[in-house]
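*Asks:* Numbering (my numbering), first residue to last: 6 to 435.
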Ligand code: HEM
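1) I need the straight-line Cα distance from residue 233 to residue 396, nearest angstrom please.
2) Taking the DSSP output, what are the residues bridged to residue 53?
3) Can you give me the C-alpha to C-alpha distance between residue 101 and residue 250, rounded to a whole angstrom?
4) What did DSSP end up calling residue 416 once you bin it into helix, strand or coil?
5) Which word fits residue 264, buried or exposed, when buried means at least 16 other C-beta atoms lie within 10 angstroms of its C-beta?
6) To the nearest angstrom, how far is it from the Cα of residue 411 to the Cα of residue 316?
7) Identify the residues that DSSP records as bridge partners of residue 427: which are they?
8) Within this structure, are the beta carbons of residue 139 and residue 425 separated by less than 8 Å?
9) Given the structure, does residue 251 come close to the ligand HEM, in the sense that its CB is under 7 Å from one of the ligand's heavy atoms?
10) Give every residue of the same chain whose Cβ lies closer than 6 Å to the Cβ of residue 133, excluding the five residues on either side of it in the sequence, and list them in chain order.
11) Where does residue 91 sit, in a helix, a strand or coil, going by DSSP?
12) List the residues that DSSP assigns as beta-bridge partners of residue 411.
13) Using only alpha-carbon positions, find the residue among 383, 289, 253, 85 that is nearest to residue 269.
14) Once you ignore the five residues that flank residue 51 on each side, which residues in its own chain have a CB closer than 6 Å to its CB?
15) In chain order, what residues of the same chain have a beta carbon less than 6 Å from the beta carbon of residue 283, not counting five sequence neighbours either side?
16) Which stretch, first to last residue, makes up the alpha helix (DSSP H) that contains residue 241?
17) Between the stretch 292–303 and the stretch 344–356, are three or more C-beta pairs nearer than 8 Å?
18) Answer yes or no: the CB of residue 309 versus the heavy atoms of the ligand HEM, is any distance below 7 Å?
19) Please go through the stretch 265–292 and give each complete alpha helix (DSSP H) segment of 4 or more residues, from N-terminal end onward.
20) Tell me which residues share the same chain as residue 216 and place their Cβ nearer than 8 Å to its Cβ, disregarding the 5 neighbours each side in the sequence.
21) Between residue 366 and the ligand HEM, is there a pair consisting of the residue's CB and a ligand heavy atom that are separated by less than 7 Å?
22) Is residue 81 close to the ligand MG? I mean its beta-carbon at under 7 Å from any heavy atom of the ligand.
23) Give the range of the alpha helix (DSSP H) segment to which residue 382 is assigned.
24) Measure the CB-CB distance between residue 45 and residue 393 and report whether it falls below 8 Å.
25) Please state if the CB of residue 247 and the CB of residue 69 are separated by a distance shorter than 8 Å.
26) Quick check: the Cα distance between residue 304 and residue 368, rounded to an integer number of angstroms?
27) Considering only heavy atoms of the ligand HEM, does any lie closer than 7 Å to the CB of residue 387?
28) Assign residue 61 to one of three DSSP states: helix, strand, or coil.
29) How big is the Cα-Cα spacing for residue 111 and residue 137?
30) Residue 432 bridges to which residues according to DSSP?
31) Going by beta carbon distance, what residues of the same chain come within less than 7 Å of residue 429, once the five residues before and after it are set aside?
32) How long is the line joining the alpha carbons of residue 237 and residue 211, rounded to whole angstroms?
33) Using a Cβ-Cβ cutoff of less than 8 Å, which residues in the same chain neighbour residue 79 once the five nearest sequence positions on both sides are dropped?
34) Look at residue 241 and residue 128 and say whether their C-beta atoms are less than 8 Å apart.
35) Given 8 Å as the limit, is there contact between the stretch 353–367 and the stretch 330–340, that is, 3 or more CB pairs closer than that?
36) So is the beta-carbon of residue 88 under 7 Å away from any non-hydrogen atom of the ligand HEM?
This is the structure in structure tokens:
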């Protein structure tokens with residue numbers, strides 16, 4: 006049925022609000038999870054995107070929506086130089102400063118006895134980081150009393166809606182364009198007023214790089230810039246925020262996890278306000294297991310990601326292949342009791358098989374997330390800092406409220422959007 010008509014998918018995604026993924030979960034159970042590496046393979050083998058699927062993203066000129074393998078390679082190469090491990094490491098002082106700001110906001114919540122919306126707070130952090138990457142300036146999301154949410158609103162509108170509906174249903178995207186317009190204005194001021202100090206090839210921002218005269222004019226149109234900028238900002242905000250918020254939810258609801266993690270963190274963070282580098286933190290095995298488990302369960306991208314292999318089959322057999330990261334992360338053979346947050350599984354698994362191979366939040370291969378190094382650095386620095394410094398009391402999160410029930414590109418719960426709130430109960434003194 007699904008092969009014959011897309012109406013079936015349309016019905017479950019539009020009328021039933023993003024539930025097609027669960028209709029096909031059973032069909033996917035019979036597939037070998039190792040086939041994942043065949044679909045999402047390295048750039049040595051060509052992988053196009055499916056032309057009827059990419060409009061879902063609503064950014065036709067961005068790398069993420071580029072159908073042809075070779076054009077994609079070029080667009081991706083322009084981005085990659087900013088997100089290589091070396092470039093991202095140079096961003097460390099910016100991220101540390103923003104994490105420090107988040108900590109001082111949490112102190113304010115503690116003093117005021119108020120409940121903090123963790124998704125808003127972490128979303129403000131990731132928005133500040135990604136706008137700095139793109140435009141050389143953070144927009145003070147963390148300074149805003151309510152952690153302004155323009156980007157998150159746009160991300161939530163950007164929601165796995167079929168292309169037919171996408172064009173008319175994007176109010177959040179227009180809000181983001183307003184925001185981008187303000188960014189362009191500020192960008193000119195920054196260029197005029199001060200030297201731009203950001204990383205990438207030779208201390209320039211991504212936007213400057215994408216407008217460089219070395220790039221063919223057809224590749225630096227306003228539409229290209231808008232779509233690439235929009236993708237980076239949205240992709241860099243909501244997804245990463247979710248891994249921090251899920252981590253906080255599970256860590257602070259699990260006494261054993263929290264205590265073991267804190268004991269390990271004391272090795273590199275001797276006082277609650279000490280700082281450590283990404284290189285130091287990634288050597289900590291338990292923190293690594295906690296971060297892996299948060300990435301596995303935060304379901305940042307559950308949408309199916311179709312690929313076409315143009316050179317490997319007869320044209321008539323070029324059926325798009327796809328699966329969802331959700332199916333790999335929740336496969337009970339790979340991760341027993343898959344909905345349970347259990348960092349121990351990373352130690353146990355390493356005795357039997359390579360569980361890392363099945364951790365694919367960024368997917369794999371030539372179209373893998375370009376921001377992966379940035380995410381990994383952010384998650385190490387952020388989780389370590391807030392766990393070492395605060396005791397959070399999570400406000401009654403029912404597992405049903407965070408479990409994925411709907412596919413809206415990212416995983417959405419049964420009703421509403423993801424909400425994880427906490428009280429900052431105390432600051433740690435030693
Ligand atoms: C936990 C955080 C994140 C997750 C789970 C995630 C996940 C993904 C996934 C699954 C894809 C593949 C999409 C597809 O095949 O169509 C992707 C692509 C992409 N992501 Fe991320 N992402 C995250 C954070 C970020 C960040 C921080 C950035 C900003 C730099 C970013 C920028 C991008 C871009 C530009 C692409 C398109 C890459 C290409 O087509 O070559 N992502 N991401």
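Quick reminder that beta carbons are idealized off the backbone N, C-alpha and C, glycines included.
*Replies:* Straight from the coordinates:
1) Residue 233 sits at position 228 when you count from the first residue of the chain shown. Residue 396 sits at position 391 when you count from the first residue of the chain shown. For residue 233 and residue 396, the distance between alpha carbons rounds to 39 Å.
2) Walking along the chain shown from the start, residue 53 turns up at place 48. 313, per the DSSP bridge assignment.
3) As a position in the chain shown, residue 101 is number 96, starting the count at 1. As a position in the chain shown, residue 250 is number 245, starting the count at 1. Approximately 18 Å between the Cα atoms of the pair.
4) Looking up residue 416 in the chain shown gives position 411. The DSSP-derived three-state label of residue 416 is strand.
5) For the purposes of this step, residue 264 is taken as the residue at position 259 of the chain shown. Label assigned to residue 264: exposed.
6) What you label residue 411 is simply residue 406 of the chain shown in a count that begins at 1. What you label residue 316 is simply residue 311 of the chain shown in a count that begins at 1. Computed Cα separation, rounded: 34 Å.
7) Here residue 427 corresponds to residue number 422 of the chain shown, with the count starting at 1. According to DSSP, which records beta bridges pairwise, residue 427 is partnered with 121, 399.
8) Translated into the one-based positions of the chain shown, residue 139 becomes position 134. Translated into the one-based positions of the chain shown, residue 425 becomes position 420. Not a contact, by the Cβ cut-off of 8 Å.
9) Locating residue 251 in the chain shown gives position 246, where the first residue counts as 1. Checking the Cβ of residue 251 against the ligand HEM gives no.
10) In the chain shown, the residue the question calls residue 133 occupies position 128. Excluding residues within five positions, the ones whose Cβ falls inside 6 Å are 103, 143, 146, 147.
11) For the purposes of this step, residue 91 is taken as the residue at position 86 of the chain shown. Looking at residue 91 - three-state DSSP - the assignment turns out to be helix.
12) As a working note, residue 411 is residue 406 in the chain shown. The partner list for residue 411 (beta bridge, DSSP) reads 417.
13) Working through the chain shown from its first residue, we reach residue 269 at position 264. Residue 289 is the option with its Cα nearest to residue 269.
14) Counted from its first residue, the chain shown places residue 51 at position 46. Result list for residue 51: 74, 315, 316, in chain order.
15) Position 278 of the chain shown holds residue 283. For residue 283, where only same-chain residues beyond five positions count, the Cβ hits under 6 Å are 382, 385.
16) Indexing the chain shown from 1 puts residue 241 at position 236. Counting along the chain, the alpha helix (DSSP H) containing residue 241 begins and ends at 227–258.
17) As far as the Cβ criterion goes, the stretch 292–303 touches the stretch 344–356, which means the pair count is three or higher.
18) Residue numbering aside, residue 309 sits at position 304 when the chain shown is read from its first letter. Checking every heavy atom of the ligand HEM against the Cβ of residue 309, none is found closer than 7 Å.
19) 283–286
20) Sequence index remark: in the chain shown, residue 216 carries index 211 (1-based). These residues qualify, in order along the chain: 225, 230.
21) Working through the chain shown from its first residue, we reach residue 366 at position 361. Correct: residue 366 has its Cβ closer than 7 Å to the ligand HEM.
22) Annotation note on the ligand MG: not contained in the displayed structure, which lists the ligand HEM as its ligands.
23) Sequence index remark: in the chain shown, residue 382 carries index 377 (1-based). Run containing residue 382: 377–394, per the alpha helix (DSSP H) assignment.
24) On the chain shown, position 40 is the one that residue 45 refers to. On the chain shown, position 388 is the one that residue 393 refers to. No, Cβ-Cβ distance for residue 45 and residue 393 is not below 8 Å.
25) Here residue 69 refers to the residue found at position 64 when the chain shown is read from its first residue. Here residue 247 refers to the residue found at position 242 when the chain shown is read from its first residue. It is not a contact, given that the beta carbons lie outside the stated cut-off.
26) Locating residue 304 in the chain shown gives position 299, counting from the first residue. Locating residue 368 in the chain shown gives position 363, counting from the first residue. One C-alpha to the other measures close to 12 Å.
27) What you label residue 387 is simply residue 382 of the chain shown in a count that begins at 1. Incorrect: residue 387 has no Cβ contact closer than 7 Å to the ligand HEM.
28) What you label residue 61 is simply residue 56 of the chain shown in a count that begins at 1. Three-state result, residue 61: helix.
29) Sequence index remark: in the chain shown, residue 111 carries index 106 (1-based). Sequence index remark: in the chain shown, residue 137 carries index 132 (1-based). Approximately 22 Å between the Cα atoms of the pair.
30) Locating residue 432 in the chain shown gives position 427, counting from the first residue. Note: residue 432 sits in a beta bridge opposite 395.
31) In the chain shown, residue 429 corresponds to position 424, counting from 1. Same-chain partners within the cutoff: 111, 114, 115, 121, 395, 397.
32) If you number the chain shown from 1, residue 237 lands on position 232. If you number the chain shown from 1, residue 211 lands on position 206. Rounded to the nearest angstrom, the two C-alpha atoms are 10 Å apart.
33) Reading the chain shown from its first residue, position 74 is the one you call residue 79. Within the same chain, 224 come within 8 Å of residue 79 by CB-CB distance, once the 5 residues on both sides are set aside.
34) One-based indexing of the chain shown puts residue 241 at position 236. One-based indexing of the chain shown puts residue 128 at position 123. Between residue 241 and residue 128, the CB-CB gap reaches or exceeds 8 Å.
35) yes
36) Working through the chain shown from its first residue, we reach residue 88 at position 83. Yes, the Cβ of residue 88 comes within 7 Å of a heavy atom of the ligand HEM.
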